[in-house]
Amino acid sequence: MQKRILAALLASAMLVGIAGCESTASTSDTGSTGGDSKVEDSKDSGDASTGGDESTGGEENTGDPDPGKYIEKMTLAEGEGTHLNIQVWNEEWKDYFDKYIAPQLPDGVTYDFTITPSDKGAYQNKLDADLPDNVGKDDPIDIFLFEADYALKYVDADVTLDVKELGITDADLSEMYQYTVDVATDKDGKLKGLSWQATPGLFAYRARIAEDVLGTSDPAEVQEALSSWDKFNKVAADASAKGYKMLSGYDDSYRVFSNNVSQPWVDAEKNIIVDDQLMAWVDQTKEFTEKKYNNQTSLWSDAWTADQGPGADVFGFFYSTWGINFTLMGNSLETPEKEGGKPEVGNGEYGEWKVCEGPANYFWGGTWIAAANGTDNKNLVGQILKQFTCNEDFMRDFTKVTLDYTNNKAAMKSIAEDKEYGSAFLGGQNHVALFYETAPNIKMDKSTKYDQLLNENFQTAFKDYFNGTIDKETALKNFYALAQESYADLKVPA
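Numbering (this note's numbering), first residue to last: 12 to 505.
Written out as structure tokens, the structure is:
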């Protein structure tokens with residue numbers, strides 16, 4: 012969506028009026044009843060593939076129509092259950108479900124969400140405990156979510172159902188980005204999950220700092236100045252000379268490097284492979300730290316969040332689709348929404364950010380919806396997946412309202428080419444047009460089921476090297492030790 016995030020990720024008052032991790036959705040006027048969220052761990056942490064921190068910006072008030080009007084009333088097949096059990100790691104999809112899906116559930120259908128934050132693999136552990144025994148249960152798990160960093164673990168197992176068993180056709184999938192299909196396709200060619208998102212990444216920068224350092228804040232001109240890592244590093248030096256930091260912390264550029272590796276984390280013999288691109292991130296981050304081109308923060312920390320706030324000295328942040336609208340927007344406000352502030356020009360640095368492609372193509376995160384093997388609601392689950400991930404009209408207006416980038420090429424093309432569309436947060440820039448250019452370049456052919464914790468462990472192990480406590484060789488040894496703690500079956504160099 013691995014990474015650190017708070018479980019209340021998208022609990023914006025503008026979005027659904029839900030606050031905190033435990034909530035009860037109200038009964039809709041159709042008679043469908045929303046259930047209580049069951050929080051398995053009180054720690055407010057989750058995964059960042061789809062969001063940021065508590066000070067989320069939520070929806071931007073664009074005045075666009077309610078996307079929910081495109082969701083059709085659903086029906087129950089004969090013999091189907093009347094209760095849905097859904098497993099997730101934060102409130103993001105629960106919020107969307109409550110707002111858009113629940114009102115169109117068949118009369119009498121109830122649902123519950125079980126939320127298990129994904130910190131240190133807790134969410135995966137919950138799934139691993141519950142899914143194998145799901146078949147034959149009186150009240151089974153019907154739907155669960157997974158992320159790119161560990162998708163294959165569940166895609167290649169019999170705990171997930173082929174979406175064709177749910178009534179999803181090739182025609183329904185025709186406008187999805189291919190990588191989102193590839194992520195969830197097993198070794199036998201069966202598609203085991205669908206995503207409503209595509210998550211290409213950009214570089215979000217402060218216009219005021221760009222003007223001071225580069226003499227321009229125009230996205231095309233800034234992109235030219237940052238179009239390679241050599242150019243990016245030069246601008247970092249120029250920014251430093253004027254008293255600015257190029258990045259906030261150690262982890263900021265990690266995904267740009269890790270998405271461009273030439274080989275997967277683990278080979279066919281289960282050997283851990285540290286790609287040259289990962290070591291390039293290490294070398295750049297060490298240089299940035301020693302030259303004070305960053306503020307030595309860590310992803311999702313209070314200091315990192317503050318560096319996105321008004322008046323901070325950081326040039327920019329690498330973010331994919333969710334990060335710009337759900338994290339950066341909220342963090343840029345002087346008065347947060349939870350304190351009565353509005354996401355509008357005049358509140359902090361709202362409207363003063365812009366985006367460009369940056370030095371390399373990358374993606375970050377994404378969430379897939381799967382039907383659990385054993386569900387007694389195949390027909391209903393199929394309708395939910397189809398309505399939420401294959402409905403072009405819904406996805407077009409959903410993007411306009413939330414600024415998220417949805418997994419429908421036709422819908423995104425219409426917004427990318429819309430001369431009247433622009434994000435107020437980004438000073439009127441049509442960020443969807445940039446995402447539309449970069450999204451087709453995303454590839455997932457280097458993914459493994461081990462990616463979440465190997466990525467986390469690698470970043471963790473090198474923090475002490477960056478701050479000068481240990482040398483590079485020791486950091487690498489520490490990474491291998493952490494990796495084997497997480498995955499005992501993997502092999503490390505002797």
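Heads up, the beta-carbon is just placed ideally off N, CA and C, and yes, glycines get one too.
Requested in this report: May I ask whether a heavy atom of the ligand GDP can be found less than 7 Å away from the beta carbon of residue 252?
Outcome: The ligand GDP is not part of the structure shown, which contains no ligands of any sort.
Requested in this report: Locate the beta strand (DSSP E) running through residue 366, then write down its first and last residues.
Outcome: 364 to 367
Query raised in the report: Alpha carbon to alpha carbon, what distance is there between residue 195 and residue 174?
Result: 10 Å
Query raised in the report: From 171, 124, 130, pick the residue whose C-alpha is nearest to that of residue 143; which is it?
Result: 171
Query - Bridge partner(s) assigned by DSSP for residue 95 - result: 122
Query raised in the report: Can you list, in chain order, the residues of its chain whose CB lies under 7 Å from that of residue 197, leaving out five sequence neighbours each side?
Result: Apart from the 5 residues on each side of it in sequence, residue 197 sits with its Cβ closer than 7 Å to the Cβ of 166, 167, 203 in its chain, given in chain order.
Query raised in the report: Who pairs with residue 211 in a beta bridge, going by DSSP?
Result: Per DSSP, 374.
Requested in this report: Would you give the residue range spanned by the beta strand (DSSP E) that residue 335 belongs to?
Outcome: Counting along the chain, residue 335 falls outside any beta strand (DSSP E), and DSSP gives it neither H nor E.
Query - Beta-carbon contacts of residue 400 that lie in its chain and below 6 Å, excluding the five residues immediately before and after - result: 205, 207
Report task. Determine, using beta-carbon pairs with one atom in the region 91 to 106 and one in the region 416 to 436, whether at least three such pairs fall under 8 Å. Result -> Touching, no, given that fewer than three Cβ pairs across the two stretches are closer than 8 Å.
Report task. Look up residue 492 in the DSSP assignment and say whether it is helix, strand or coil. Result -> helix
Query raised in the report: Measuring CB to CB, does residue 82 end up less than 8 Å from residue 398?
Result: Result yes, Cβ atoms of residue 82 and residue 398 sit closer than 8 Å.
Report task. For residue 331, count neighbouring C-beta atoms within 10 Å of its own C-beta (all shown protein chains included) and say buried if the count is 16 or more, exposed if not. Result -> buried
Query raised in the report: How many Å lie between residue 450 and residue 367 at the Cα?
Result: 14 Å
Requested in this report: Could you pull out every residue in the same chain whose Cβ sits closer than 6 Å to the Cβ of residue 496, ignoring the five residues on either side in sequence?
Outcome: If we look at residue 496 and ignore the five residues flanking it on each side, it has no Cβ neighbours.
**Report entry** Member of 504, 372, 385 whose CA lies at the smallest distance from the CA of residue 448
**Finding:** 372
**Report entry** residue 395 - DSSP class collapsed to helix/strand/coil
**Finding:** helix
**Report entry** Rounded separation between residue 513 and residue 267 - CA only
**Finding:** Past the boundaries of the shown model lies residue 513; the chain is included only from 12 to 505, so the question cannot be answered.
Query raised in the report: Hey, out of 234, 309, 304, whose CA is closest to residue 252's CA?
Result: 304
Report task. Can you check DSSP and say which residues form a bridge with residue 282? Result -> Answer is 502, bridged to residue 282.
Report task. Check whether the Cβ atoms of residue 122 and residue 453 sit closer than 8 Å, and answer yes or no. Result -> no
**Report entry** Closest Cα partner of residue 150 within the set 185, 132, 92
**Finding:** 92
Query - residue 406 versus residue 488: straight-line alpha-carbon distance, rounded - result: In a straight line, the C-alpha of residue 406 is about 46 Å away from that of residue 488.
Query raised in the report: Considering only C-alpha positions, which residue in the set 115, 365, 276, 391 is nearest to residue 464?
Result: 276
Report task. Return the residue from the list 376, 333, 308, 345 that minimises the CA-CA distance to residue 322. Result -> 345
Report task. Would you identify the three-state DSSP class for residue 341, choosing helix, strand or coil? Result -> Note: residue 341 maps to helix in three-state DSSP.
Query raised in the report: Looking at C-beta atoms only, is the number of pairs between the region 415 to 428 and the region 221 to 232 that lie closer than 8 Å three or more?
Result: no
**Report entry** Cβ-based burial, residue 294 [other Cβ within 10 Å; buried from 16]
**Finding:** exposed
Query raised in the report: From this set, 347, 259, 272, which residue's C-alpha is nearest residue 311's C-alpha?
Result: 259
Requested in this report: Can you grab the Cα-Cα spacing for the pair residue 468 / residue 436, in whole Å?
Outcome: 34 Å
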